[in-house]
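Under our numbering, the first residue of the sequence shown is numbered 665, with each subsequent residue one higher.
Structure, as structure tokens:
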Amino acid sequence: MDNTKRLEIIESSSKQVSRGIFFSTIIIVTSFFPVFLLTGQEGKLFHPLAWTKSFILIIDAILAVTLAPVLISFFLKGKFKTEDQNPLNRFLERIYSPMLHWVMRWRKTTLAINILALLVSIPLVMSLGTEFMPPLNEGSILFMPVAQPDVSNTEMKRILQVQDKIIMQVPEVLSVLGKAGRASTATDNSPINMIETIILLKPRDQWREGMTKAKLIEEMNGKLQIPGVVNGWTQPIINRINMLSTGIRTDVGVKVYGQNLSTINQVSNQVNAALKGVPGVEDLYVEPVTGGKYLEIDMNRPELARYGLTVDQVNEVVESAIGGAPIASTVEGRRRFAINVRLAQDYRNSLADLKRIPIQTASFGPVPSRP
């Protein structure tokens, strides 16, 4: 067989096979359509997978009709064999041929069966939900209590330590790690009154007889009832997914929008009262948006001019004294830590102490922030 005849056979075979490969690939891509209809955490989890698979299959369909024939012409050489000489093809044809002959003989019956299956699937598609992710057992628990907005750093530290000690008394708990406030990352904007405690559990064979995860959470929740603190229980991974997709740290929540915090708080309490007693509601609370205490410092500009100070200079002193200012950084191995300097807690605990913060001037020496 000369090269021209071989290329003609490859071309005709590629036309015959590539058409089937292309349309079968398109059918597979179409089967991912229900995945694209998912919303919520299911959509966040499975949309990237569906897009990746779809793009790969589309490229595969294009290469099947363009690149594949060229590669075959380079690598498929030697003596060609017919389909009957392949034992695998003969075995598959024995199974497929009777089915094909029966379908072609009873064409109307075949069409009726497929149309009936399509009609039966329509009610199922109409009742198909967009969120049906079953709860996954991550093997750990995330405890997220929230205190009042005006709580102090010292009190939150005390609450965190007390809670960790109580949790460690439970026999099924392996270790506990909690934090109050935000971490050193831009993706964590937790306020100081929010605690996140990760509870690692022991293997199931070390649990008490009859103990389940739900009973374990119920037991710990009963022991961790602290006045002014609202408990929340979830899991680490699902909590991050909920926070990224909805901004709410629970599975179900109601968002109230508005411009006035007092009105938002009032409407939230009304929603809370309306939802009480709804079947299936296990834990219900209102996120506190009011009650925080803030320190507002007004500048006496004539006095600043008298001492030769600027607003920026005073703001810098106040910021450094109360919040702290970075002055350097230290490196320990592969980790880098910032060094902040601010006044000791005894010198910034009250308004009287803040009024005595010294401000250095060029002509009058150090003067208190409020003479």
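Even glycine gets a Cβ: it sits at the ideal position worked out from N, Cα and C.
Can we count residue 959 as close to the ligand MG, meaning its CB is less than 7 Å from some heavy atom? Summarising the ligand content, the structure contains no ligands, and the ligand MG is consequently not present.
Along the beta strand (DSSP E) that carries residue 1024, what are the first and last residues, could you check? 1022 to 1024
Where do the ends of the beta strand (DSSP E) carrying residue 995 lie?
Looking at the DSSP string, the run of the beta strand (DSSP E) that includes residue 995 is 989 to 996.
task: Within 10 angstroms of the Cβ of residue 767, are there 16 or more other Cβ atoms? Answer buried if so, exposed if not.
output: Counting C-beta atoms within 10 angstroms of its own C-beta, residue 767 has fewer than 16 neighbours from the protein chains shown and is therefore classed as exposed.
Tell me which residue opens and which closes the beta strand (DSSP E) that residue 843 is part of. 837 to 844
Where do the N-terminal and C-terminal ends of the beta strand (DSSP E) with residue 1001 fall, by residue? 999 to 1005
Please state whether the Cβ-Cβ distance between residue 1036 and residue 957 is less than 8 Å.
Residue 1036 lies beyond the stretch modelled for the chain, which goes from 665 to 1035, so this question has no answer here.
Exercise. Where does residue 963 sit, in a helix, a strand or coil, going by DSSP?
Worked result: coil
Discussion item. By alpha-carbon positions, which one of 726, 861 and 953 ends up nearest to residue 825?
Written reply: Nearest Cα to residue 825 within the set 726, 861 and 953: 861.
Q: Starting from the C-beta of residue 866, find all residues in its chain whose C-beta is less than 6 Å away, skip the five residues before and the five after it, and write them out in chain order.
A: Excluding residues within five positions, the ones whose Cβ falls inside 6 Å are 836 and 838.
- Member of 721, 888, 981 and 775 whose CA lies at the smallest distance from the CA of residue 833: 888
**Q.** Delimiting residues of the alpha helix (DSSP H) encompassing residue 699
**A.** 697 to 700
Whole angstroms are fine: how far does the CA of residue 713 sit from the CA of residue 914?
25 Å
> First and last residue of the alpha helix (DSSP H) that includes residue 860?
Replying inline: That residue, residue 860, is in no alpha helix (DSSP H); its beta strand (DSSP E) goes 859 to 865.
Quick check on residue 770: does DSSP put it in helix, strand or coil? Note: residue 770 maps to coil in three-state DSSP.
At the level of alpha carbons, what is the spacing between residue 690 and residue 716? 14 Å
Within 10 angstroms of its Cβ, does residue 945 collect 16 or more other Cβ (buried), or is it exposed? exposed
- Among 847, 890 and 877, which has the Cα closest to the Cα of residue 898? If you compare the alpha carbons of 847, 890 and 877 with that of residue 898, the shortest gap goes to 877.
* Flag this pair as touching only if the stretch 965 to 972 and the stretch 1020 to 1035 have three or more C-beta atom pairs under 8 Å; answer yes or no. => yes
**Q.** Reduced DSSP secondary structure (H/G/I, E/B, other) of residue 871
**A.** Reduced to three states, the DSSP call for residue 871 is coil.
_Cutting at 8 Å between CB atoms, please list the residues of its own chain near residue 907, excluding the five before and the five after it._
These residues qualify, in order along the chain: 913.
So, does the stretch 727 to 746 touch the stretch 676 to 692, judging by three or more C-beta pairs under 8 Å?
yes
Identify which residue in 841, 818 and 1028 has its Cα closest to the Cα of residue 829.
841
Exercise. Tell whether a beta-carbon distance below 8 Å holds between residue 856 and residue 844.
Key: Remark: C-beta atoms of residue 856 and residue 844 approach each other more closely than 8 Å.
task = Within 10 angstroms of the Cβ of residue 827, are there 16 or more other Cβ atoms? Answer buried if so, exposed if not.
result = buried
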